[in-house]
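Enquirer:
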Amino acid sequence: MKEELSHTESLKIINEMISEAKNNYEQSGSFYFLLWGWVVMVANLGHYFLDKFTSFEYPFIFWLLTFPAAILAAWHGSRQKNKSQVKTHFSRLYGEVWVAIGICMVLTLLFMSKINFNHSAIILLLAGAGTYLSGRMLKFRPLIFGAFALWLAGIVCFSLPMTDQYLVGAIGILAGYLIPGYLLKSAEK
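Using the numbering used here, you'd call the opening residue of the sequence shown number 960 and step up by one each time.
1) Between Gly1005 and Tyr1136, how many whole angstroms is the CB-CB distance? I'm expecting something under 8 Å.
2) Contact between the segment 1106-1116 and the segment 1130-1148 is defined here as three or more beta-carbon pairs at a separation below 8 Å; is this criterion met?
3) Compare the Cα-Cα distances from Leu1066 to each of Ile1081, Glu1055, Tyr1007, Gly1054 and report the closest residue.
4) Helix, strand or coil for Asn1077? Go by DSSP, reduced to three states.
5) Would you identify the three-state DSSP class for Lys1011, choosing helix, strand or coil?
6) Would the segment 1092-1100 and the segment 1112-1131 be scored as touching if the rule is three or more Cβ pairs under 8 Å?
7) Just mark Ala1032 as buried or exposed, buried being the case when its beta carbon has 16 or more other beta carbons within 10 Å.
8) When the distance is taken between beta carbons, is Gly1089 closer than 9 Å to Trp1057?
9) Could you tell me the distance, in whole angstroms, from the CA atom of Thr967 to the CA atom of Phe1049?
10) What three-state label does DSSP hand Gln967 in the structure shown?
11) When you compare each of Phe990, Tyr1091, Tyr1125 to Arg1038 by their alpha carbons, which one comes out closest?
12) Note down the Cα distance separating Glu985 from Ala1129, rounded to an integer number of angstroms.
13) Ignoring anything shorter than 3 residues or poking outside the segment 1050-1125, list the beta strand (DSSP E) runs there in chain order.
14) Could you tell me the alpha carbon to alpha carbon distance between Lys1148 and Tyr1141, rounded to whole angstroms?
15) What did DSSP end up calling Thr1025 once you bin it into helix, strand or coil?
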């Protein structure tokens, strides 16, 4: 026996699926903004303080924090993917935006010697692009404002010595990832 849905019932089901997919990304979205916000801010500040105020030979050691963070992010993502019952165009696109941004960031870091290690501005601009698109897709203004903070930090970094770029990067991440991330987390509740 074949059951036909009315136009209204079909639209209701579609809207519920889109809403559930959006809700899944709002809930996991705050996790990623907070995880990467804290890791990148701590790494920036650690690098800045070691480079500026000590003679420690490897101030970049704080960036090793990104490896366990990447493993944690992948683990969390795989758990979220298994939990999610709805796979929509929206959910796939949201994830692909960050995959593309991540690839650009990794490529920038791999070739940073070609730009005299002045990579901070580019990384901040890319983070701003991903944050802006996330804010638009989720219709969440704090992320959009966070993107502008990241872009501003990136612009400022273009005119600073390398060491000072880490301090500006930390401030940009605080304003662009952490504050919107906590606001998104509170909106989830």
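Don't be surprised by glycine CBs; every beta carbon is placed ideally from N, CA and C.
Expert: The structure says:
1) Not quite, the Cβ-Cβ distance comes to about 17 Å (not below 8 Å), so this is no contact.
2) Three or more beta-carbon pairs separated by less than 8 Å link the segment 1106-1116 to the segment 1130-1148, which places the two stretches in contact.
3) Ile1081
4) coil
5) helix
6) Flag = no, the segment 1092-1100 and the segment 1112-1131 do not touch.
7) Under this definition Ala1032 is a buried residue.
8) Yes, the Cβ-Cβ distance between Trp1057 and Gly1089 is below 9 Å.
9) 21 Å
10) Note on residue identity: the sequence assigns Thr, not Gln, to residue 967. In this structure, Thr967 counts as helix in the three-state DSSP scheme.
11) Phe990
12) A caution first: Glu985 carries a pLDDT of 47, below 50, which makes its placement in the model too unreliable to give a value.
13) Runs found: none.
14) 11 Å
15) helix
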